[in-house]
Every structure is written in structure tokens, then in C-alpha cells.
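Residues in the sequence shown are numbered from 107 upward in steps of one, following this note's numbering. Even glycine gets a Cβ: it sits at the ideal position worked out from N, Cα and C. This report refers to the structure that appears directly beneath it.
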Amino acid sequence: MPMQEKPFSQACENNKIPILTVLKRIFAQAKHVLEIGSGTGQHASYFAQHLPHLRWTPSDRPDNHPGIDAWQRAYSGSNLAAVKTFDIRYDPWPEPGADAVFSANTAHIMPWPVTQLMLEKTADHLPKQGLFALYGPFNYQGKYTSESNAHFDQWLKQSNSEQGIRDFEAIDTLANNKHLSLLEDNPMPANNRLLVWQKR
Ligand SMILES: C[S@@+](CC[C@H](N)C(=O)[O-])C[C@H]1O[C@@H](n2cnc3c(N)ncnc32)[C@H](O)[C@@H]1O
107 MPMQEKPFSQ
117 ACENNKIPIL
127 TVLKRIFAQA
137 KHVLEIGSGT
147 GQHASYFAQH
157 LPHLRWTPSD
167 RPDNHPGIDA
177 WQRAYSGSNL
187 AAVKTFDIRY
197 DPWPEPGADA
207 VFSANTAHIM
217 PWPVTQLMLE
227 KTADHLPKQG
237 LFALYGPFNY
247 QGKYTSESNA
257 HFDQWLKQSN
267 SEQGIRDFEA
277 IDTLANNKHL
287 SLLEDNPMPA
297 NNRLLVWQKR
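As C-alpha cells, this is what we get:
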């Protein structure tokens with residue numbers, strides 16, 4: 107069977123530089139990042155290349171592994187680990203040594219109870235001072251931040267009624283209850299945010 111080509115996401119191409127700018131600063135002291143829901147594997151390869159002081163472990167459900175493997179094979183450095191199987195609902199925490207966690211565009215795709223589980227498991231496994239960076243669109247005070255996010259939310263819910271843009275306040279309350287303190291809320295292009303919490 108031929109090996110899969112590297113999958114390409116235009117959204118990842120568009121957001122990788124603004125995200126990296128924040129990650130360079132917040133992960134300056136981090137040693138090992140676990141990425142949840144790596145998708146194409148494109149972010150993992152790019153961020154590992156541009157954050158050479160740390161190890162980056164991509165993870166996802168098995169159906170995304172062939173694409174992530176393709177990016178891993180094409181990677182010339184040594185700080186990008188092989189993809190780990192991690193479905194938040196069933197699998198044990200895949201990288202106990204990670205002192206930081208990154209996830210992009212997952213909270214609105216996972217059903218809300220699974221998004222909650224992502225927060226809870228991340229909080230349970232991060233060491234004190236460990237960081238969780240979560241990228242994506244969020245609502246504030248029950249309102250969309252843009253017309254395009256309102257359309258996106260409608261489209262998400264039509265595709266799957268359990269999907270949808272999450273409320274920042276609900277996520278932050280959950281995080282705070284699990285000893286994660288909000289450090290930063292960074293505006294990102296296309297009405298996205300990059301939220302950063304630190305374990306107390
Ligand atoms: C919209 S994609 C985002 C992919 C990539 N992070 C990006 O920014 O392009 C959503 C990702 O969440 C992952 N995902 C959904 N449910 C999950 C679960 N229960 N456990 C782990 N990952 C999950 C999907 O497999 C997919 O890779």
C-alpha cells in the first residue's frame with residue numbers, strides 16, 4: 107500500500123505564524139509539549155522546527171495517524187516525537203512527562219462533555235507551573251465575537267448538533283476549578299483566540 111502524502115490545511119498555514127509568536131514566548135522554559143488533536147500534523151512539524159529547545163509530541167485518534175506520520179517522516183530534526191494514540195474519552199494520558207499542552211481547533215469540534223474532559227485531564231496531568239495553550243474561536247458573555255463566527259457556529263451545529271463554539275467563561279470556570287489560572291487571552295487572526303492557563 108502506498109504511504110500517505112502529507113495532508114495540508116490552509117487554516118493551519120494561515121494561523122501557524124501568529125500562534126508560533128505566542129508559543130515562543132510562553133513555552134520559552136517548557137521542555138516537553140503534548141499536542142491534543144494534532145489533525146494533519148502540520149502544526150506539530152512547524153512548531154517543533156521553530157521551538158528546537160523542546161520536544162513536541164503530537165497525539166490524535168488513530169484515523170489521523172497516517173497523515174501525522176507523513177509529516178513526521180519528512181521532519182529532519184530530532185525533537186518531533188512519533189504520534190501517540192489519544193482519544194480523550196478512552197485512552198490513558200499519553201505523555202506523563204509533558205510540562206505543557208497545546209491544542210488547536212478542538213474545543214468546538216468535541217462534544218461539550220469531551221471538551222470538559224480535555225480540560226480536566228490536562229489539569230490533572232500537568233505539573234505545577236505547567237501551561238495549557240488552547241487555540242480556537244470562543245464566545246464572550248454569551249455573544250459571538252464576529253458575524254463570521256456566528257455563521258461558523260451555525261455550520262458546525264448543522265454538521266453535528268454536539269459541536270459548537272464554546273463560551274470562554276464556561277471553559278475558564280472549569281479550568282479555574284481544576285487549579286488552572288488564566289494567564290493570557292491573546293487575540294488571533296480570523297476572530298480566534300489563544301488562551302493560556304498555568305497550573306497552580
Ligand atoms: C478541526 S480538527 C483540528 C486539527 C488541528 N489541531 C488543526 O488546528 O488543524 C479537530 C481535531 O480534534 C480531534 N478530536 C476530536 N475528538 C477527539 C477526542 N475525543 N479525542 C482526541 N482528539 C479528538 C480530531 O481528531 C481532530 O484532529
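For V139, the secondary structure class from DSSP, reduced to helix, strand or coil, is strand. Under the three-state reduction of DSSP, M294 is assigned to strand. Taken atom to atom, the span from the alpha-carbon of K130 to that of L160 is near 11 Å. With a cutoff of 9 Å on beta-carbon distance, F238 and E141 are scored as not near each other. In this structure the region 229-238 does not lie against the region 165-172, because fewer than three pairs of beta carbons, one per stretch, are closer than 8 Å.
Membership of A239 in the beta strand (DSSP E) is indicated by the continuous run 237-242. DSSP places A210 in the uninterrupted beta strand (DSSP E) bounded by 206-210. Contact between the region 242-253 and the region 189-199 is absent: fewer than 3 CB-CB pairs across the two stretches fall below 8 Å.
In this structure, ligand 1 has no non-hydrogen atom nearer than 8 Å to the beta-carbon of T228.
By the Cβ-count criterion, R272 is buried, with 16 or more other Cβ atoms from all chains shown falling within 10 Å of its own Cβ. In the structure shown, S287 adopts extended strand secondary structure according to DSSP, grouped into three states. DSSP, read as helix, strand or coil, puts D273 in strand. Counting only the Cα atoms, F133 lies some 34 Å from N266.
Judged by DSSP in its simplified three-state form, Y250 adopts coil rather than helix or strand. Separation of K284 and L223 (C-alpha to C-alpha, rounded to the nearest whole angstrom) is 11 Å. At least one heavy atom of ligand 1 falls within 8 Å of the beta-carbon of D166.
Per the DSSP secondary-structure output, T163 pairs in a beta bridge with L140. Pairing A176 with P113 gives a Cβ-Cβ distance under 9 Å. In terms of Cβ geometry, Y241 and N211 form a close pair [threshold 9 Å]. Per DSSP, R195 has no beta-bridge partner at all.
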